[in-house]
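Add 19 to the 1-based position in the sequence shown for the numbering used here, that's all there is to it.
Heads up, the beta-carbon is just placed ideally off N, CA and C, and yes, glycines get one too.
Quantities reported herein were computed from a predicted structural model and do not represent experimental measurements.
Scroll down for the structure; my scribbles are underneath it.
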Amino acid sequence: MEGGEWGKREYQKLYKSSALTASLENDSPRKEGPFIIEITRGITASVKDPFGLPLEGGATSPHKVPNELVEDSIFNHSKVVLQLRQRALQCKAWRRSSTDLGSTNLLWMMVIDLILGFCFVNMFHSLGGTTEVLEKFLQSVKLIADYLQLLIEWLMGVPVGLKLNRPLSTVLGKFFLYHLYLWKTYIDIIRPIVSTVIFISSTVGLIGLSFQMALLSDLITMASLHCYCFYVYATRLYGITLSGLRSTFRMFGGRKWNPLRSRIDSGEFSWDQLCVGMFIFSSLLLLLPTLLVYYIVFLALRICVLLLQGTLKRLIWIINSIPCYSLLLWIIGSPSLAGDVLFEVIPGRDSTLKLVWIKLPFVESMIRSLNPSSPKYPHVNWSQRLNEMVSGDLIYPL
């Protein structure tokens with residue numbers, strides 16, 4: 020028994036000592052040169068996860084995503100799902116409305132949305148129904164893919180007389196052409212799914228025009244998926260190249276990025292490190308024009324898609340927010356939207372006072388009558404968007 024107790028105590032001591040050693044090894048800094056640390060940190064700091072999750076050391080990983088974010092990325096990015104939630108909030112607000120004006124505005128908004136959606140469904144069936152619309156949609160998608168293929172082949176040559184890096188341009192062109200080929204195959208595979216979605220859209224239109232616009236926005240997202248993938252590839256390459264150039268250029272001035280304090284500190288580099296940094300800087304600088312051309316082209320395609328989706332998003336907001344009943348009352352001059360009250364003295368033998376209603380200004384009356392369940396108007400910070408374009412960050416929906 021004593022031997023067993025002694026063996027157990029020795030085993031516990033050995034386990035504690037090994038755990039302490041492992042923790043010290045993990046806590047000890049890695050013995051890497053400051054040059055390698057500077058470049059790798061500068062490059063990894065510019066690479067962001069599509070979900071935007073920061074990890075330790077400034078890097079991100081798509082493999083460690085919280086469940087809440089996965090649900091958000093799958094469902095909340097669908098405009099149809101968002102519109103369904105918005106309509107549920109509108110119904111709750113209508114039931115809980117404490118004023119007749121607010122409840123009537125909500126009721127009028129939903130009724131007008133239903134009427135416009137019914138008119139759109141009739142126009143949809145007058146165009147030939149699901150089969151005709153499906154054929155036109157797939158023809159448009161394939162036509163866009165063909166034009167995109169011609170654009171990539173044009174970039175692989177001498178676009179606008181620019182002499183690009185031919186090996187890099189060939190590799191990028193073949194890479195994008197291969198993905199475009201996969202996209203065309205994907206279109207043939209999802210043809211039955213698109214047919215079902217378009218058929219459902221004729222039923223969704225009976226819910227309201229806002230749902231039709233939301234479904235159209237989702238269809239545009241699905242049809243431009245290949246353009247978005249090309250944009251992400253080009254943006255990542257452009258952003259990593261800029262980060263490498265900044266890191267190496269900073270090294271020539273004897274400076275380095277301090278991730279602990281989030282600032283630039285002075286650093287010492289050996290002659291060998293400066294030579295390697297000069298080689299990396301020259302290589303990235305020579306590859307930058309080719310990457311920049313591809314980035315500008317796919318950025319322009321991305322902006323066109325975002326402008327179209329942004330327009331639909333604001334039209335949906337107008338349908339969900341504009342108080343139509345209050346607008347009608349303001350036009351006919353109803354006292355329900357009166358502002359201040361004045362008393363006028365009517366001249367005569369007996370002093371008589373007349374109550375006068377002062378009509379509210381149009382903008383103020385609309386602001387007071389806005390749907391409280393609607394989200395805020397989607398404003399765009401154009402300076403931030405421009406900064407994202409120049410720095411090589413991903414541009415998300417407007």
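Quick test of your reading: residue i and residue j, contact by CB under 8 Å. State the CB separation rounded to the nearest angstrom.
i	j	result
Leu331	Met232	5 Å
Gly296	Leu228	Rounded, the Cβ-Cβ distance is 59 Å, inconsistent with contact.
Leu310	Leu256	5 Å
Arg210	Leu162	With a Cβ gap of about 16 Å, Arg210 and Leu162 do not count as contacting.
Leu167	Leu199	6 Å
Name the residue from the options whose alpha carbon lies nearest to the alpha carbon of residue i.
i	options	result
Ile206	Asp165, Leu191 and Ser188	Asp165
Arg282	Cys294, Leu293 and Ser266	Ser266
Val213	Pro394, Ser301 and Glu154	Glu154
Leu326	Ser236, Leu120 and Trp173	Ser236
Met128	Trp336, Phe139 and Ile365	Trp336
Ile377	Asp369, Leu356 and Asn390	Leu356
Phe362	Ile351, Gly352 and Leu374	Leu374
Ala443	Ser243, Leu293, Arg321 and Ile219	Nothing about residue 443 can be read from this structure; the chain reaches only from 20 to 417.
Ser243	Ser285, Asn184, Val324 and Pro211	Val324
Phe268	His245, Asp291 and Phe298	Phe298
His398	Gln168, Gly329, Arg185 and Thr150	Gly329
His245	Thr204, Thr215 and Ala112	Thr204
Ile219	Arg185, Ala112, Thr150 and Asp369	Thr150
Mind checking residue i: buried by the 16 CB within 10 Å criterion, or exposed?
i	result
Phe182	The residue asked about is misnamed: residue 182 is Lys in this sequence, not Phe. Lys182 comes out exposed.
Tyr415	exposed
Phe230	buried
Gln105	buried
Trp349	buried
Gly258	buried
Val179	exposed
Val160	buried
Phe195	buried
Trp202	buried
Ser402	exposed
Met313	Checking the sequence, you will find Tyr at residue 313 rather than Met. It counts as buried.
Trp2	Because the chain is modelled from 20 through 417, residue 2 falls outside the range shown and cannot be assessed.
His96	exposed
Ser188	buried
Asp46	Per-residue confidence for Asp46 stands at a pLDDT of 44, beneath the threshold of 50, marking its modelled position as unreliable; the derived number appears in the next sentence. Exposed, since its Cβ has fewer than 16 Cβ neighbours within 10 Å.
Counting only the same chain and skipping the five closest in sequence on each side, list residues whose C-beta sits under 8 Å from that of residue i.
i	result
Val152	Phe143, Leu146 and Ile217
Gly192	Ile171, Glu172, Leu174 and Met175
Ser410	Gly258 and Leu261
Val177	Leu183
Met408	Leu318 and Ile414
Ile386	none
Leu108	Ser392
Phe381	Trp349
Pro354	Trp376
With a CB to CB cut of under 6 Å and the five nearest residues on each side skipped, what residues in its chain are close to residue i?
i	result
Lys98	Ala233, Ser236 and Asp237
Asp132	Gly227, Leu228, Ser229 and Ile338
Gln102	Ser229, Phe230 and Ala233
Leu264	Leu303
Asn277	Asp284
Phe300	Thr267
Met241	none
Keeping to the same chain, check which residues put their C-beta closer than 7 Å to that of residue i; ignore five residues upstream and five downstream.
i	result
Ser285	Gly273 and Arg274
Leu389	Ser340 and Pro342
Leu405	none
Ser384	Ser345, Trp349 and Leu356
Asn400	none
Ile239	Val324, Leu327 and Gln328
Pro85	Bear in mind that the predicted position of Pro85 carries a pLDDT of just 44, short of 50, making it unreliable; the figure below should be weighed with that in mind. Cβ within range, chain order: n/a, list empty.
Trp113	Ser122, Leu125 and Leu126
Any heavy atom of the ligand ATP closer than 6 Å to the CB of residue i?
i	result
Arg269	The ligand ATP is not part of this structure, which contains no ligands at all.
Just checking, does the region 118-126 make contact with the region 343-350 on the three C-beta pairs under 8 Å criterion? By the Cβ rule, the region 118-126 counts as touching the region 343-350, because three or more pairs are nearer than 8 Å.
Would you check if there are 3 or more beta carbon pairs closer than 8 Å linking the region 379-394 to the region 301-312? With the cut-off at 8 Å, the region 379-394 and the region 301-312 do not touch.
Touch check for the region 309-329 and the region 245-255: three-plus C-beta pairs under 8 Å? By the Cβ criterion, the region 309-329 is in contact with the region 245-255, since at least three pairs of Cβ atoms, one from each stretch, lie closer than 8 Å.
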